[in-house]
Amino acid sequence: MASGNDFATGFTNVGRTRFWQRGFLATQSAYVLAALIVLIFIMSLLSENFLTAGNISNITRNFSFIAVATLGMTLVIITGGIDLSVGSTMALSATITALVMGGLVAAGFTPFPGATMILAILAGLGTGFAVGLFNGFAIAKLKLAPFVTTLGTLSIVRGLTYVATYGRGAYPSGPDKDFFIAVTAGRLFDLVPVSFLYLLVAAVAMYVALHHTAWGRHVFAIGGNEAAGRLTGVNVDRVKIQVYVLSGLAAAFNGIIISGWLGSAPANLAQAYELTIIAAAVIGGANLAGGVGGAAGAIIGCVLIEVIRNGLVLARVDPYWQQTLVGCIIVAAVLVDRVRSARSG
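Read in full-length UniProt numbering, the sequence shown has 305 at position 305, and its numbers run on one by one without any break.
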């Protein structure tokens with residue numbers, strides 16, 4: 001009589017899954033990473049300035065301006081939602097930060113060095129928290145459609161930004177201004193942007209939360225099958241509110257960083273950034289149907305978009321082609337994911 005092992009060895013396909021069909025290599029993010037490496041190689045051949053330390057530092061800084069917000073967007077997309085208000089949230093949060101900093105100085109409230117900056121940043125983050133809470137409550141509790149809800153919030157928040165500044169923008173001021181610029185737009189060793197360090201911390205935190213906590217499993221469960229998640233005891237409404245709050249906080253943080261680099265918070269700050277952020281998340285492997293996405297893919301998507309933009313500038317190509325190329329990459333990424341899924345199925 002044949003043993004169990006004999007039966008197992010009788011099937012030639014048992015235990016023979018190819019290495020590129022397992023783990024990270026089986027994801028869309030891996031394909032996009034491979035495309036990114038090829039693109040970087042091509043760009044380095046086309047321009048001798050592409051791989052210089054200064055240009056790499058600029059690329060790192062520029063993609064960091066949207067990457068933290070993309071992490072938050074990815075969380076929302078994993079649950080099957082969308083947040084179109086991130087660009088407006090970036091603008092309002094940056095504006096509130098600058099206005100609070102100036103208001104505290106005008107009121108003479110400077111109890112200790114750095115106080116006005118700390119309170120101003122907390123006010124800016126609080127603004128993002130409030131926007132995210134509004135979106136999450138409307139979507140989870142009132143059962144409004146995420147697309148329509150956040151589209152409305154986009155207009156509301158952008159309007160509030162113009163109301164707060166009369167369209168003229170705001171500027172950080174006071175004794176903590178230089179400190180504020182240093183912690184938002186400074187460079188470590190005059191090379192590594194501090195915004196990139198913040199991104200690394202946020203990405204690691206998101207990875208751990210998604211893959212090593214019950215909360216992360218609940219986020220994926222909601223995106224995979226919300227009804228099944230409810231039946232298994234997942235507090236769907238609470239998790240949805242949490243991811244929208246995190247998206248708002250991430251957008252607020254990115255807006256504050258950008259205002260530090262600009263030295264101001266113009267009312268049109270981050271105009272249409274939500275499209276770039278969503279594109280980066282989708283290119284990185286987040287599925288708009290929900291249930292798929294991660295920190296690594298979000299960052300890879302941001303880097304790819306910035307490398308394209310930077311390469312076009314160095315090659316002196318009309319910058320308006322950037323939007324066209326990004327759109328083509330989105331379609332290609334979705335097509336590759338569709339083909340990969342069909343083959344694995």
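For every residue, glycine included, the Cβ atom is placed at its ideal position computed from N, Cα and C. These figures come from a predicted structure and were not determined experimentally.
Cα atoms of Val307 and Ser195: separation of roughly 17 Å, rounded to the nearest angstrom.
A check of alpha carbon separations from Ala123 across Ile42, Ile256, Arg316 and Gly72 identifies Ile256 as the nearest. Asn135: member of the alpha helix (DSSP H) spanning Ala115 to Ala140, first to last residue. Excluding its 5 nearest sequence neighbours in each direction, Leu188 has C-beta neighbours in its own chain below 7 Å: Val194 and Leu197, listed in chain order.
At a Cβ-Cβ threshold of 8 Å, Gly290 and Gly224 count as neighbours. Sixteen is the threshold: since fewer than 16 other Cβ atoms of the shown chains lie within 10 Å of the Cβ of Phe112, the residue is exposed.
Secondary structure note for His211: its alpha helix (DSSP H) is the uninterrupted segment Val194 to His211. The alpha-carbon of Leu144 is positioned some 15 Å away from that of Thr79. At the C-beta level, Gly293 and Ile77 come within 8 Å of one another.
According to DSSP, residue pairing for Ala265 in a beta bridge involves Ala170. Taking a cut-off of 8 Å for Cβ pairs, the segment 92 to 105 and the segment 62 to 71 do not touch, as fewer than three such pairs fall below it. Put simply, the backbone Cα of Asn235 is about 51 Å away from that of Ala315. Contact between the segment 261 to 271 and the segment 160 to 170 is present, with at least three C-beta pairs closer than 8 Å. The three-state reading of DSSP puts Leu191 in coil, since its state is none of H, G, I, E or B. Where Glu306 is concerned, the enclosing alpha helix (DSSP H) starts and stops at Ala295 to Leu314. In the structure shown, the three-state DSSP call for Ala270 is coil. In the DSSP annotation of this structure, the continuous segment of the alpha helix (DSSP H) that includes Pro146 starts and ends at Pro146 to Thr165.
In this structure Val219 is buried. Its beta-carbon is surrounded by 16 or more other beta-carbon atoms within 10 angstroms. Remark: C-beta atoms of Ala296 and Ser29 approach each other more closely than 8 Å.
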